[in-house]
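Residue numbers (the working numbering): 135 to 515.
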């Protein structure tokens, strides 16, 4: 069976979330707490909450002991298309590896709950501050429900050295989802009737969001979201309109505790549960760890686009020691704008972008054998 790989914006790997035997680390839990700043939870806790009860968990679905030296976490804040913060994964004690079938927990350094601190393998750097593990300032764990959070693997084997490849993603890079009224920042949200069943009125039993909830990856999910999804909402709509085929966090995630609007209508901001943090339920046998990233990275680094951002007119796609069979320019809805076939290993291809409106586009480059696809960001001003 042929394997196909992809990179988005020089960073994203593979084609889609997978169901079956896995070969790469992925996010298995995400916690964004609603605990109020200045209060203690429970009341006898000597540490008052800073309002940052946040953590993510990473699962190793392979039979290999994986070095974490090649991995980092990134935050793309408030719809940014560029990295806001990035930190290397680094255990506070012991060997910096992740054993087969085990999890790694990265938590906010100001978390106060013992259910988070007792299982945390790494605490984040302070917000927007440098630290021993920062690549681009610290504070990834200060995410809110409207940020995109990425798990990154570096083919060089050392996080921060060379180009990184995103192997899992929560949210949509480049989108800042609005709340239902369109008056403020919102979150990633959705429902899955097939997985969670429906109430008598036909609505889903469980509503999943990236804010004020503890959510886990569904047990039948065996791999990360390797491509940047289509936007959750129709770009420019306000109040936001759901984008058909757009990102739905409930497709691969399920909620097990919520501060507000639980399945039974209950609300308890201080009672949000984090009891599953530190372990993960998984339906499949452990797979074989992937060693294909170097081939992907070579193809990716052999393609460059300039000027970028472009002022309109023309841009150049430079190919160096890579065989590209097809180049396609896409908008952020995935619609094809133009196509240019290529079959040369070394070339400078000129693209006419004079008719494109200002905004974010993706230049899709596929190898001649069709096994590798990369997506490069192109900004038109």
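Every residue, glycine too, gets a C-beta built ideally from N, C-alpha and C.
Taking C-beta atoms as the reference points, residue 345 and residue 386 fail to come closer than 9 Å.
Distance from the CA of residue 408 to the CA of residue 445, rounded to the nearest whole angstrom, comes to 48 Å. Listed as beta-bridge partners of residue 319 by DSSP are 312. In the three-state reduction of the DSSP assignment, residue 407 falls in the coil class, being assigned neither a helical nor a strand state. If only uninterrupted alpha helix (DSSP H) runs of at least 4 residues are considered, those enclosed by the segment 193 to 251 are 248 to 251. Between residue 157 and residue 357, the C-beta gap is smaller than 9 Å, which places the two residues in contact. Closest in C-alpha terms to residue 327, from the list 341, 376, 213 and 436, comes 341. Residue burial is scored here from C-beta neighbours: residue 295 has fewer than 16 other C-beta atoms within 10 angstroms and is therefore classed as exposed. Ranked by Cα distance from residue 255, the options 288, 190, 314 and 309 are led by 190. Going by DSSP, residue 328 is part of the alpha helix (DSSP H) stretching over 327 to 330. For the segment 373 to 455, the continuous beta strand (DSSP E) assignments of 3+ residues that do not extend past its boundaries occur at 387 to 392, 437 to 440 and 448 to 453, in sequence order. Apart from the 5 residues on each side of it in sequence, residue 235 sits with its Cβ closer than 7 Å to the Cβ of 194 and 420 in its chain, given in chain order. By the Cβ criterion, the segment 168 to 179 is not in contact with the segment 196 to 207, since fewer than three pairs of Cβ atoms, one from each stretch, lie closer than 8 Å. Counting C-beta pairs with one atom in each stretch, the segment 450 to 470 and the segment 496 to 506 have three or more that are closer than 8 Å, which means they touch. In the DSSP secondary-structure assignment, residue 295 is not bridged to any residue. In this structure residue 233 is exposed. Its beta-carbon is surrounded by fewer than 16 other beta-carbon atoms within 10 angstroms.
CA-CA distance, residue 455 to residue 481, rounds to 9 Å. By the criterion of a C-beta distance shorter than 6 Å, residue 403 is surrounded in its chain by 168 and 393, once the five residues flanking it on both sides are discounted. Excluding the 5 residues flanking it on each side, residue 365 has same chain C-beta neighbours closer than 6 Å at 306, 309, 377 and 380, in chain order. For the pair residue 425 and residue 211, the Cα-to-Cα distance works out to about 30 Å. By the CB criterion at 9 Å, residue 485 and residue 449 fall inside the cutoff.
By the neighbour-count criterion, in which 16 or more other beta carbons inside 10 Å mark a residue as buried, residue 431 falls on the buried side. Collapsing the DSSP output to three states places residue 284 in a strand. Taking a C-beta distance under 9 Å as the contact criterion, residue 258 and residue 220 do not qualify as a contact pair.
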